[in-house]
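Participant:
Number of protein chains: 2
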Amino acid sequence: MTTPDAAAHAETLDGRERLLAAARAEIAETGLAHLSLRSIARRAEVSHAAPTYHFGDRAGLLTAVAAEGFTALAVALDHASAEAGGPSLRVLGRTYVAFGLAEPALFDLMFRSGELHADDPALRAAQADSLALLSRTAPDAGAKVPGDIVSPLTLVSWAFAHGLVALTRDGALQALAQNADTGQLVDHLIDVLDQALSGTPTPPSTPAR
Amino acid sequence: MTTPDAAAHAETLDGRERLLAAARAEIAETGLAHLSLRSIARRAEVSHAAPTYHFGDRAGLLTAVAAEGFTALAVALDHASAEAGGPSLRVLGRTYVAFGLAEPALFDLMFRSGELHADDPALRAAQADSLALLSRTAPDAGAKVPGDIVSPLTLVSWAFAHGLVALTRDGALQALAQNADTGQLVDHLIDVLDQALSGTPTPPSTPAR
DNA sequence: CCTCCAGCTTGACAGTGTCAAGTAGTCGGC
DNA sequence: GCCGACTACTTGACACTGTCAAGCTGGAGG
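If you're matching them up, the sequences are chains W and E in order. Under UniProt numbering, read the first sequence as residues 1 to 209, first letter to last. Under UniProt numbering, read the second sequence as residues 1 to 209, first letter to last.
See below:
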C-alpha cells in the first residue's frame, strides 16, 4: 500500500509532507501570482523534480493544498458552530469570512478551479465536507426550489460571504470605506444581511460608535 | 505627445490596440491559467517583445485589459439602469452578474490585484467609474456608517453579486443545485436578496415552473 | 540632407514545468 | 546471503516563458 500511515516510522517527515508544508508556506508568504514549483522544492530542500514526482503536475500539488484548505475550513466551521451551540447563518458567515481573510491566498487558490484538477476525488470530498457544514443552517426554511439540496437562504448567504472575502482581499471595500475599520465594517455588513434574511424588515442599525 | 488620437492616420490598427484585442481574445478563449505574452504576441502578429515595449510588463498589459473591462462594466451598468428607468438593486445586480458570467475570465482578471498594477491611474479611474455607477442605488437608505461613501445595503448587494459570479464560475453552485437551471437559480437568488433587503419579510417565491 | 525619435525586431539570458533516465536504499523470497 | 523488484527520489535535458539590451526602419523637423 502507498498510504502514508504517518505514525509508522514517524521519525522524519517524508518528502511529500515536506513539499505540502513548503507549498503552504510559500503561498502564504508570496501569494499565488509568482508561485513556482522550484522555489517550493528549494524550501523543502528536495530536488526540482520532486514535486512532479509526487503530484504528477503543478495542478496536482495545488490540488492537494486546496484539499487541505477545504478540510481546514470544514474543521473551522464545525468548531465554531459547536462553540456557539448550534450552526447559525451569522456564526457560519463570520467563520467563513474570517477563514478567508486569515489566509487569503489559500482561500483564493481553493476556488481557482482553472489551476486545479477539479475532479480530483480528495478535493471533491473535502469540498463536499465543508459544503455540508455550510448548509446545515436554517432549519426553518426548507429548500424551496425542487431538486435542490440546500435552501436558497443558505446560497444567498454563501455568495455574500464569499464575495465579501473577495472584495476585501482585493482592496475594493477599503477603497470605498476609507476611514472605517475594515473588520468592523465586515462585521456590520454580516449583521445587516443576517437581520434582513431573518425577516426583521429594517435593522436597528446601531454601528459600534 | 504619445496620446494615440485614434483617428489621426486611422487606417491600420496600431500595434498597441492589436495587442489589446489579441489579449482579450486569448483570455476569453484559453482563460487566465495558461496565458502567455508570447501567444498574445503571436496572435497579434507582432514580435514576442512587443508587449513588453508597449506595456512595460506582463502586469502592465493585464492592467490595461482590466481597465477596459471596468469601463465596459460601467457602460453596461449605465445602459441597464437607463433602460430600466433608473438604477435599482435588482437591475444593477442582474447586470453585474450577467457581465461577470458573460466573460468570466475577464471578470476574474479585473479583481486579481496581485497580477495587476493596482495603482495604475487608468485602472483606478475605470474602477471608480463602475463603482460610482454601482453605488447610485437606494436613494432611501443614506450611508449609516460615518465616513462611508456608499450605503451598507449597496455593499451587501455588491458582495452578494460578486460572490454569486465567483461561485457560479467555479462550478460551486452547479454542484449543489444539480438539476436546476443555473440561470434561473441565479435570478431567483437575486430576487430573494432583493426582497429581503427591501423589507418584505418573506418572499412569495414562485419559481418559474 | 542630416538628425532625431517612436515603434518596433532580433537575440540573448535566467527561470519555469515536465519528461526520460539513472541511482540509493529497502524489502520479500529463495 | 544474495537477487530482483519496488519506492523515492536525483540529474540532466528540453521547450517555453518574461525581460532586457541592442539594432533596425521609416517618417517628421530643422
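Using N, Cα and C, we set each Cβ at its ideal position, and we do this for glycine too. Computed from a prediction, not measured in an experiment: that's the story for all the values here.
(1) May I ask you to check if the CB of residue 31 (chain E) is nearer than 8 Å to at least one heavy atom of the ligand GTP?
(2) Hey, residue 19 (chain W) and residue 54 (chain W) are a contact pair by Cβ (cut 8 Å); roughly how many whole angstroms apart?
(3) Three-state secondary structure (DSSP) at residue 13 (chain W)?
(4) Taking 7 Å as the limit between beta carbons, can you name the residues of its chain near residue 60 (chain E), skipping five residues before and five after?
(5) At a Cβ threshold of 9 Å, is residue 115 (chain E) touching chain W?
(6) For residue 91 (chain W), decide whether its Cβ has a neighbour in chain E, counting only Cβ atoms nearer than 9 Å.
(7) For the 8 Å Cβ check, are there 3 or more pairs between the region 23-35 of chain W and the region 113-127 of chain E?
(8) Does DSSP put residue 35 (chain W) in a helix, in a strand, or in coil?
(9) Across the region 69-80 of chain E and the region 93-108 of chain E, are there enough close Cβ pairs to call them in contact, namely three or more that are closer than 8 Å?
(10) If we cut at 9 Å on Cβ distances, does residue 61 (chain E) have a partner in chain W?
(11) Between the alpha carbons of residue 150 (chain E) and residue 85 (chain E), how many angstroms are there, rounded?
(12) Which residues in chain E sit within 7 Å of residue 170 (chain W), going by Cβ to Cβ distance?
(13) Thinking C-alpha only, which one of W:194, W:182, W:120 is nearest residue 57 (chain W)?
(14) List, in chain order, every chain W residue whose beta-carbon is nearer than 8 Å to that of residue 192 (chain E).
(15) Can you list, in chain order, the residues of the region 24-48 of chain W whose Cβ is nearer than 9 Å to any Cβ on chain E?
(16) Cα-Cα, which of E:46, E:38, E:128 is closest to residue 17 (chain E)?
(17) Please check if any C-beta of chain E sits within less than 9 Å of the C-beta of residue 70 (chain W).
(18) If you draw a straight line from the C-alpha of residue 79 (chain E) to the C-alpha of residue 96 (chain E), how long is it?
(19) Determine the chain W residues that contact residue 160 (chain E) at a beta-carbon separation under 7 Å, and present them in chain order.
(20) Which residue's Cα is closest to the Cα of residue 155 (chain E): E:122, E:194, E:172?
(21) Report yes if the CB atom of residue 136 (chain W) is closer than 9 Å to the CB atom of residue 81 (chain W), and no otherwise.
(22) Run through chain E and tell me which residues come within less than 8 Å of residue 73 (chain W), C-beta to C-beta.
(23) What residues in its chain sit with their C-beta under 6 Å from that of residue 21 (chain W), if we drop five residues either side in the sequence?
(24) Ignore the nearest five residues each way along the sequence and tell me which others in residue 52 (chain E)'s own chain have a CB closer than 6 Å to its CB.
(25) Which chain E residues sit within Cβ distance under 8 Å of residue 118 (chain W)?
(26) Mind checking whether residue 66 (chain W) and residue 110 (chain W) have CB atoms under 9 Å apart?
(27) Keeping to the same chain, check which residues put their C-beta closer than 6 Å to that of residue 127 (chain E); ignore five residues upstream and five downstream.
(28) From this set, W:192, W:44, W:166, which residue's C-alpha is nearest residue 108 (chain W)'s C-alpha?
(29) Assign residue 182 (chain E) to one of two classes, buried (16 or more other C-beta atoms within 10 Å of its C-beta) or exposed (fewer than that).
(30) Tell me, please, whether the CB atom of residue 185 (chain W) is closer than 9 Å to any CB atom in chain E?
(31) How many Å lie between residue 130 (chain W) and residue 25 (chain W) at the Cα?
(32) With 16 as the cutoff for other CB atoms within 10 Å, does residue 132 (chain W) come out buried or exposed?
(33) Three-state secondary structure (DSSP) at residue 75 (chain W)?
(34) Interface residues of chain W around residue 77 (chain E) at Cβ under 7 Å?
(35) Can you tell me whether residue 112 (chain E) is helix, strand or coil according to DSSP?
Facilitator: In this structure, then:
(1) The ligand GTP is not part of this structure, which contains no ligands at all.
(2) Taking the first sequence and counting its residues from 1, the one referred to as residue 19 (chain W) is at position 19. Taking the first sequence and counting its residues from 1, the one referred to as residue 54 (chain W) is at position 54. Between residue 54 (chain W) and residue 19 (chain W) the Cβ distance is about 6 Å, and since that is below 8 Å, they are a contact.
(3) Counting from one through the first sequence, the residue named residue 13 (chain W) turns up at place 13. Coil, per DSSP.
(4) Here residue 60 (chain E) is taken as the residue at index 60 of the second sequence, counted from 1. Only 117 meet the Cβ criterion.
(5) One-based indexing of the second sequence puts residue 115 (chain E) at position 115. Cβ-Cβ to chain W under 9 Å: yes for residue 115 (chain E).
(6) Position 91 of the first sequence holds residue 91 (chain W). For residue 91 (chain W), the answer is no, since every Cβ of chain E falls outside 9 Å of its Cβ.
(7) yes
(8) Looking up residue 35 (chain W) in the first sequence gives position 35. Reduced to three states, the DSSP call for residue 35 (chain W) is coil.
(9) yes
(10) Against the second sequence, residue 61 (chain E) aligns to sequence position 61. By this cut-off, residue 61 (chain E) is not an interface position.
(11) To locate residue 150 (chain E), count along the second sequence from 1; it is residue 150. To locate residue 85 (chain E), count along the second sequence from 1; it is residue 85. Those two C-alpha atoms are separated by around 21 Å.
(12) Indexing the first sequence from 1 puts residue 170 (chain W) at position 170. Neighbours of residue 170 (chain W) on chain E, chain order: 111, 113.
(13) The residue given as residue 57 (chain W) occupies position 57 in the first sequence. Residue 57 (chain W) has its Cα closest to that of W:120, out of W:194, W:182, W:120.
(14) Looking up residue 192 (chain E) in the second sequence gives position 192. By Cβ distance, chain W contributes 152, 153, 156.
(15) 31, 32, 33, 34
(16) For the purposes of this step, residue 17 (chain E) is taken as residue 17 along the second sequence, with counting starting at 1. It is E:46.
(17) As a first step, residue 70 (chain W) is located in the first sequence; it is residue number 70 there, counting from the start. Proximity of residue 70 (chain W) to chain E, defined by a Cβ-Cβ separation below 9 Å, is not satisfied.
(18) Locating residue 79 (chain E) in the second sequence gives position 79, counting from the first residue. Locating residue 96 (chain E) in the second sequence gives position 96, counting from the first residue. Taking the Cα positions, residue 79 (chain E) is about 12 Å away from residue 96 (chain E).
(19) Here residue 160 (chain E) is taken as the residue at index 160 of the second sequence, counted from 1. Under the 7 Å cutoff, chain W gives 156, 159, 160, 163.
(20) As a first step, residue 155 (chain E) is located in the second sequence; it is residue number 155 there, counting from the start. The residue with the shortest Cα to Cα distance from residue 155 (chain E) is E:194.
(21) Here residue 136 (chain W) corresponds to residue number 136 of the first sequence, with the count starting at 1. Here residue 81 (chain W) corresponds to residue number 81 of the first sequence, with the count starting at 1. Against a cut-off of 9 Å, the Cβ pair of residue 81 (chain W) and residue 136 (chain W) comes out as a contact.
(22) Translated into positions along the first sequence, residue 73 (chain W) becomes position 73. Going along chain E, no residue has its Cβ under 8 Å from residue 73 (chain W), so there is no contact; the nearest lies around 13 Å.
(23) By one-based count along the first sequence, residue 21 (chain W) stands at place 21. No residues qualify anywhere along the chain.
(24) Walking along the second sequence from the start, residue 52 (chain E) turns up at place 52. None.
(25) Numbered from 1 along the first sequence, position 118 holds the residue referred to as residue 118 (chain W). Within chain E, the residues near residue 118 (chain W) are 171.
(26) Along the first sequence, one-based indexing puts residue 66 (chain W) at 66. Along the first sequence, one-based indexing puts residue 110 (chain W) at 110. A contact, by the Cβ cut-off of 9 Å.
(27) Translated into positions along the second sequence, residue 127 (chain E) becomes position 127. Around residue 127 (chain E): 70.
(28) Taking the first sequence and counting its residues from 1, one reaches residue 108 (chain W) at position 108. Checked all of W:192, W:44, W:166; the closest Cα to residue 108 (chain W) is W:166.
(29) Taking the second sequence and counting its residues from 1, one reaches residue 182 (chain E) at position 182. Under this definition residue 182 (chain E) is an exposed residue.
(30) Locating residue 185 (chain W) in the first sequence gives position 185, counting from the first residue. Closer than 9 Å: yes.
(31) By one-based count along the first sequence, residue 130 (chain W) stands at place 130. By one-based count along the first sequence, residue 25 (chain W) stands at place 25. Cα to Cα, the separation comes out at about 22 Å.
(32) Position 132 of the first sequence, counting from 1, holds the residue named residue 132 (chain W). Exposed, because fewer than 16 other Cβ atoms sit within 10 Å of the Cβ of residue 132 (chain W).
(33) What you label residue 75 (chain W) is simply residue 75 of the first sequence in a count that begins at 1. In the three-state scheme derived from DSSP, where H, G and I count as helix and E and B as strand, residue 75 (chain W) is classed as helix.
(34) For this step, residue 77 (chain E) is matched to residue 77 along the second sequence. Listed by position along chain W, the residues whose Cβ is nearer than 7 Å to that of residue 77 (chain E) form an empty set, because the closest Cβ is around 15 Å away.
(35) Working through the second sequence from its first residue, we reach residue 112 (chain E) at position 112. Residue 112 (chain E): coil per DSSP, three-state reduction.
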